[in-house]
Ligand code: SF4
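Residue numbers (our numbering): 2 to 237.
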């Protein structure tokens with residue numbers, strides 16, 4: 002667990018920079034260009050998790066920290082912790098298929114949960130519709146919008162490994178507040194049940210999914226009133 006700063010074999014440092022779900026304003030983009038030049042940054046690499054890696058000389062790290070903070074960005078986190086939230090282009094300006102404003106929700110989740118200590122890496126992916134451009138079924142906590150403020154929740158996915166695992170749906174049609182409340186509950190159960198450095202998919206495999214399901218009635222306050230009847234009838 003720590004900052005996303007990696008010593009490279011070349012002697013340079015790779016430093017992960019995090020915005021709000023991968024979204025940058027033109028001012029931040031221009032500022033990053035100026036910062037990269039001033040730091041003699043060798044490369045700027047966009048990552049699959051919507052961070053930006055700056056490859057810089059080791060002695061420029063503190064200037065980089067100050068520079069990204071001034072732009073309203075952060076140095077990322079890695080290790081046994083909740084990572085930055087990955088969200089698709091899901092709002093009305095960026096994707097015509099978006100059912101909800103996922104940047105708003107993703108930003109709230111990132112502000113509340115990023116850098117929280119967990120037994121192993123914990124990745125959150127959020128998609129604005131079932132096309133799932135951010136691979137939410139490959140995340141520890143995957144969120145898919147189904148309406149303007151309704152989401153389905155999947156847990157226990159893992160993408161990058163020899164044995165990828167698809168996440169399992171544990172809730173349907175809950176509000177953004179419910180997404181946050183259920184994430185808190187899943188993280189608490191994960192902390193209580195996991196062995197050290199055990200990824201959530203392996204904890205679920207070992208102890209079963211039942212321990213991670215929301216308790217009876219837990220999600221009731223987080224359902225739009227018009228959906229309550231149908232969802233309880235459907236068994237969610
Ligand atoms: S998941 Fe849906 S809303 Fe998000 S970018 Fe893909 S198509 Fe657009």
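Idealized CB from N, CA, C, for every residue including glycine.
Everything numeric in this text was worked out from a predicted model, so none of it was measured.
Short of 6 Å from the beta carbon of residue 93, and not among the five residues preceding or following it, lies no beta carbon of its own chain. Per DSSP, residue 172 lies in no alpha helix (DSSP H); the unbroken beta strand (DSSP E) holding it starts and ends at 169 to 175. A Cβ-Cβ separation of about 7 Å places residue 146 in contact with residue 91 under the 8 Å criterion. Under the DSSP assignment, residue 138 falls outside any beta strand (DSSP E); it carries neither an H nor an E label. Boundaries of the beta strand (DSSP E) harbouring residue 126: 125 to 128, taken from the DSSP string. Of the candidates 99, 122, 88 and 46, the residue whose Cα lies closest to the Cα of residue 107 is 88. Counting along the chain, residue 151 sits inside the beta strand (DSSP E) bounded by residues 151 to 156. Rounded to whole angstroms, residue 197 and residue 97 show a C-alpha spacing of 42 Å. By the criterion of at least three beta-carbon pairs nearer than 8 Å, the stretch 62 to 77 is not in contact with the stretch 161 to 180. Annotation for residue 71 indicates a beta carbon at 7 Å or more from all heavy atoms of the ligand SF4. For residue 206, the enclosing alpha helix (DSSP H) covers residues 201 to 208.
Relative to the ligand SF4, the beta carbon of residue 140 is positioned no closer than 7 Å to any heavy atom. Taking all protein chains shown into account, residue 149 has fewer than 16 neighbouring C-beta atoms within 10 Å of its C-beta and is therefore exposed.
If you draw a 10 Å sphere on the C-beta of residue 141, you find 16 or more other C-beta atoms in it, and that means buried.
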